[in-house]
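Engineer: Can you keep this structure in mind? I'll have questions shortly.
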Amino acid sequence: MAKRFFVLSLLISLYLSIPVSSVLGYYTNMSADVVIGQPDFTSNTGGTSQSQFTTVNIRQVVVDPMGRMIVADQGNNRILVWNSVPTTNGKPADLVLGQPDFNSGTANNGGLSARTMNVPASVYSDGNRLFVADDSNDRVLIWNTFPTSNGQAADVVVGESNFTSTDAGTCNSSNLARPNGLWVYQNKLVVSDRSQDRILIWNSIPTANGVPADLVLGQTGFTTCSAQTISASTFIDNRGVLVDQNGKLYVADRGNRRILIWNTFPTSNGQAADVVVGQGDFTTSATNANADRIGQVLRFYVSNNRLFVSAFNSVRIFNSIPTSNGASADIVLGQTNFTDSSANSGGSTSASGFNVPAGIFEYNNKLLVTDEGNARILIFTNIISNPAIGLYPFPEAVGNGRLRMRGNVRLGQWDRYSLTRSKLTVSINGGGEGMVDSLYGNREDTHDNLYEFFHEFDPSPIPGGTEGYT
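If you use my numbering, the sequence shown corresponds to residues 24 to 493, in order.
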């Protein structure tokens, strides 16, 4: 047994730092892989063209089920569409809406109509229909089928009775005032009516102009539209809105520096939220930058049971959806820590810094972030490509003739990680995978760089007398 033990340990020692397959995950202050709106990661010039944005408010980016990347280029009063998510820097858009061509950026170009926009703030597509929150025209535009030509006219308008009028002064169930966010969930239209400090909900997608909403949040009824005292049921200057696959509703309450979460989709006017993110309770509005603060939040996104929030010139990642008030983020992008908040991490424009990040979206293991002050979109490929396995050189006896090997998986950065649907495994001789057990918590939450694993085995039946790990 002693001889076999010696030979086995010698053979195992040859497997130190074996490369393994890539792992899906994010880590603190990671760099982007692709930039759109600029030719490289150090440029930040704005403009109006097929491949540029302004340096004012690139407010949202989404990818629809057909794989199209859609961007609300607020400063150019238009929506830009890429037929697929770009994989090379500076790729030009394929389609423009709100303008007749890619070189125009005037608000309501040619006059207020079904074809024009004035500071479009939010966009959503279910793959067939397209929805745009046309902020400064106080309306939502709906295309019943996805547009295929530049400047194509919308089919339906919500918040106004027709395409050529704007009436933001009336507080009722039909009018909108500076709508800034929207989402569609189970054929329900949810709109963030920010200047009236409320969320309006239509129980079915409107098919005619000026259809009134069915439900209101943030106010007790449809005829109250002023800012209310901070609570679990009120907003000030609400922005982004989202409903996840489980029916949870999220609202960015910018004025109160928080995100409100309803654990089930609301069914009554003025219904109170269940959880607050960014504050310790529903009556506080603290401002300091920290892991449990999100500042004057504009946009956020939910994907794979994680919450992504743009705040303090960074993107904060919560590795699980908060279920209690005041939860802290786990990972930060754009800064080296949670307390710094300077633009571009205090330096020049780069692949890892932000200057007012806003829109966030995750699609096919890519994280897309609009970087408004740098007039660009950064795309982070959610892949850690250089993990390695190391084995401690001597196995230990565990009884009954069995041995135990200890080893580790190292992801390549001395930092904290957020893994995505990753299953770190140990494969013995190409078969029989064993899960990696981390000493630092669940492997699908936040970890340090080193993940330890243990594998027990009987040395007798090892083919060829070797023990391999992949």
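No residue lacks a Cβ here, since even glycine has one placed at the ideal position from N, Cα and C.
All values reported here derive from a predicted model rather than from experimental measurement.
Residues in its own chain within less than 8 Å of threonine 310 by CB, not counting five upstream and five downstream?
Structural biologist: What you label residue 310 is simply residue 287 of the sequence shown in a count that begins at 1. Excluding residues within five positions, the ones whose Cβ falls inside 8 Å are Arg280, Arg316, Gly318.
Engineer: Could you check where the beta strand (DSSP E) with serine 215 kicks off and where it finishes?
Structural biologist: Counting from 1 along the sequence shown, the entry for residue 215 is found at position 192. First-last of the beta strand (DSSP E) with serine 215: 211-216.
Engineer: Buried or exposed, going by whether 16 or more other CB atoms sit within 10 Å of the CB of threonine 393?
Structural biologist: Your numbering for residue 393 matches position 370 in the sequence shown. Threonine 393 should be labelled buried.
Engineer: What is the DSSP secondary structure of aspartate 87, counted as helix, strand or coil?
Structural biologist: Looking up residue 87 in the sequence shown gives position 64. Three-state DSSP puts aspartate 87 in coil, outside helix and strand.
Engineer: Using the beta-carbon count (16 or more within 10 Å), is asparagine 269 buried or exposed?
Structural biologist: Taking the sequence shown and counting its residues from 1, the one referred to as residue 269 is at position 246. Asparagine 269 comes out exposed.
Engineer: What does a CB cutoff of less than 7 Å around phenylalanine 341 pick up in its chain, not counting 5 residues either side in sequence?
Structural biologist: Position 318 of the sequence shown, counting from 1, holds the residue named residue 341. Closer than 7 Å at the Cβ level, and outside the excluded window around phenylalanine 341, lie Arg329, Leu330, Ala350, Ala352, Asp353.
Engineer: Kindly indicate the opening and closing residues of the beta strand (DSSP E) around proline 380.
Structural biologist: Here residue 380 is taken as the residue at index 357 of the sequence shown, counted from 1. Here the beta strand (DSSP E) through proline 380 covers 380-386.
Engineer: Which complete beta strand (DSSP E) runs does the region 217-248 hold, if anything under 3 residues is left out?
Structural biologist: The qualifying runs are 221-225, 238-240.
Engineer: Measuring straight from C-alpha to C-alpha, what distance separates glycine 278 and valine 264?
Structural biologist: As a first step, residue 278 must be located in the sequence shown, where it is residue number 255. As a first step, residue 264 must be located in the sequence shown, where it is residue number 241. Between glycine 278 and valine 264, the C-alpha separation is close to 14 Å.
Engineer: Is there a Cβ from chain C that is less than 8 Å from the Cβ of threonine 129?
Structural biologist: Absent here is chain C; the protein component of the structure consists of one chain.
Engineer: Could you work out which residue in Thr287, Ser308, Val239 is closest to serine 254 when comparing CA atoms only?
Structural biologist: Working through the sequence shown from its first residue, we reach residue 254 at position 231. It is Ser308.
Engineer: Is glycine 98 helix, strand or coil by DSSP?
Structural biologist: Position 75 of the sequence shown, counted from the first residue, corresponds to residue 98. Reduced to three states, the DSSP call for glycine 98 is helix.
Engineer: Once DSSP output is grouped into helix, strand and coil, what is the label at valine 449?
Structural biologist: Taking the sequence shown and counting its residues from 1, the one referred to as residue 449 is at position 426. Here valine 449 scores only 42 on pLDDT, less than 50, and its place in the model should not be relied on; the value that follows carries that caveat. Strand.
Engineer: Just to confirm before moving on: does the CB-CB distance between arginine 399 and glycine 60 stay below 8 Å?
Structural biologist: Taking the sequence shown and counting its residues from 1, one reaches residue 399 at position 376. Taking the sequence shown and counting its residues from 1, one reaches residue 60 at position 37. Yes, they are a contact pair.
Engineer: Assuming asparagine 99 contacts threonine 65 under a Cβ cut-off of 8 Å, what Cβ separation, rounded to an integer in Å, is found between them?
Structural biologist: In the sequence shown, counting from the first residue as 1, residue 99 sits at position 76. In the sequence shown, counting from the first residue as 1, residue 65 sits at position 42. In fact, because the Cβ distance is near 23 Å, the residues do not count as touching under 8 Å.
Engineer: Put asparagine 328 into one of helix, strand or coil per three-state DSSP.
Structural biologist: Here residue 328 is taken as the residue at index 305 of the sequence shown, counted from 1. DSSP places asparagine 328 in coil when its eight states are reduced to three.
Engineer: Of the residues Ala374, Thr346, Ala176, Asn67, which one's Cα is nearest the Cα of alanine 296?
Structural biologist: By one-based count along the sequence shown, residue 296 stands at place 273. That would be Thr346, whose Cα lies nearest to the Cα of alanine 296.
Engineer: In its own chain, which residues sit with a C-beta less than 6 Å from the C-beta of valine 142, not counting the 5 before and 5 after it?
Structural biologist: The residue you call residue 142 lines up with position 119 of the sequence shown. Same-chain partners within the cutoff: Gln97, Asp158, Ser159.
Engineer: If we ignore side chains and look at the alpha-carbon of each, how far apart do cysteine 194 and threonine 247 end up?
Structural biologist: Translated into the one-based positions of the sequence shown, residue 194 becomes position 171. Translated into the one-based positions of the sequence shown, residue 247 becomes position 224. Rounded to the nearest angstrom, the two C-alpha atoms are 7 Å apart.
Engineer: Measuring CB atoms only, is the region 380-388 touching the region 358-371, in the sense that at least three cross pairs come out at less than 8 Å?
Structural biologist: These segments do not touch.
Engineer: For glycine 69 and glutamine 122, what's the separation of their Cα atoms in angstroms?
Structural biologist: Walking along the sequence shown from the start, residue 69 turns up at place 46. Walking along the sequence shown from the start, residue 122 turns up at place 99. Rounded to the nearest angstrom, the two C-alpha atoms are 18 Å apart.
Engineer: Less than 6 Å between C-beta atoms, sequence neighbours within five positions excluded: which residues of the same chain meet that for alanine 130?
Structural biologist: Translated into positions along the sequence shown, residue 130 becomes position 107. Excluding sequence neighbours, alanine 130 sits near Asn100, Asn141.
Engineer: Any idea what DSSP makes of glycine 293, helix, strand or coil?
Structural biologist: Within the sequence shown, the letter at position 270 stands for residue 293. Glycine 293: coil per DSSP, three-state reduction.
Engineer: Should serine 136 and phenylalanine 186 be called a contact, given that it needs their Cβ atoms to be closer than 8 Å?
Structural biologist: Residue numbering aside, residue 136 sits at position 113 when the sequence shown is read from its first letter. Residue numbering aside, residue 186 sits at position 163 when the sequence shown is read from its first letter. A contact, by the Cβ cut-off of 8 Å.
Engineer: Can you confirm whether the region 170-177 touches the region 232-245 when touching is taken to mean that 3 or more C-beta pairs between the two stretches lie within less than 8 Å?
Structural biologist: Because the criterion of three Cβ pairs below 8 Å is not met, the region 232-245 and the region 170-177 do not touch.
Engineer: Quick check: the Cα distance between leucine 118 and isoleucine 228, rounded to an integer number of angstroms?
Structural biologist: Position 95 of the sequence shown, counting from 1, holds the residue named residue 118. Position 205 of the sequence shown, counting from 1, holds the residue named residue 228. Whole-angstrom Cα-Cα distance: 25 Å.
Engineer: Pick out whichever of Asn327, Val94, Asp220 has its Cα sitting closest to the Cα of serine 74.
Structural biologist: If you number the sequence shown from 1, residue 74 lands on position 51. It is Val94.
Engineer: Spatial neighbours of isoleucine 224 within its chain, please: CB distance less than 8 Å, with the 5 preceding and 5 following residues excluded, ordered by chain position.
Structural biologist: Locating residue 224 in the sequence shown gives position 201, where the first residue counts as 1. Result list for isoleucine 224: Lys211, Leu212, Val213, Val214, Ala236, Asp237, Leu238, Val239, Leu240, Pro289, in chain order.
Engineer: Pick out the complete beta strand (DSSP E) segments inside the region 164-197, 3 residues or longer, and give them in chain order.
Structural biologist: Whole beta strand (DSSP E) segments, 3+ residues: 179-181.
Engineer: Write down every uninterrupted run of the beta strand (DSSP E) in the region 332-405 whose length is 3 residues or greater and which is fully enclosed by it, in chain order.
Structural biologist: You should have 337-341, 354-356, 380-386, 389-394, 399-404.
Engineer: Which of the three DSSP states is assigned to serine 159 in this structure?
Structural biologist: Here the question's residue 159 lines up with position 136 in the sequence shown. Three-state result, serine 159: helix.
Engineer: Just to confirm, is the Cβ distance from isoleucine 402 to alanine 55 under 8 Å?
Structural biologist: Here residue 402 corresponds to residue number 379 of the sequence shown, with the count starting at 1. Here residue 55 corresponds to residue number 32 of the sequence shown, with the count starting at 1. Going by C-beta atoms, isoleucine 402 is nearer than 8 Å to alanine 55.
Engineer: Short of 7 Å in beta carbon distance, which residues of its chain neighbour glycine 376, apart from the five on each side in sequence? Order them along the chain.
Structural biologist: Counting from 1 along the sequence shown, the entry for residue 376 is found at position 353. Closer than 7 Å at the Cβ level, and outside the excluded window around glycine 376, lie Gly357, Asn367, Ser368, Gly370.
Engineer: To the nearest angstrom, how far is the alpha carbon of alanine 526 from that of glutamine 302?
Structural biologist: Absent from the model: residue 526. The displayed extent of the chain is 24 to 493, so no value can be given.
Engineer: Taking C-alpha atoms, which residue in Val163, Val332, Thr252 lies nearest to serine 148?
Structural biologist: Taking the sequence shown and counting its residues from 1, the one referred to as residue 148 is at position 125. It is Val163 whose Cα lies nearest to the Cα of serine 148.
Engineer: For proline 202, is the classification buried or exposed, using 16 other Cβ atoms within 10 angstroms of its Cβ as the cut-off for buried?
Structural biologist: Along the sequence shown, read from residue 1 onward, the residue named residue 202 stands at position 179. The residue in question, proline 202, is buried, as its Cβ has 16 or more Cβ neighbours within 10 Å.
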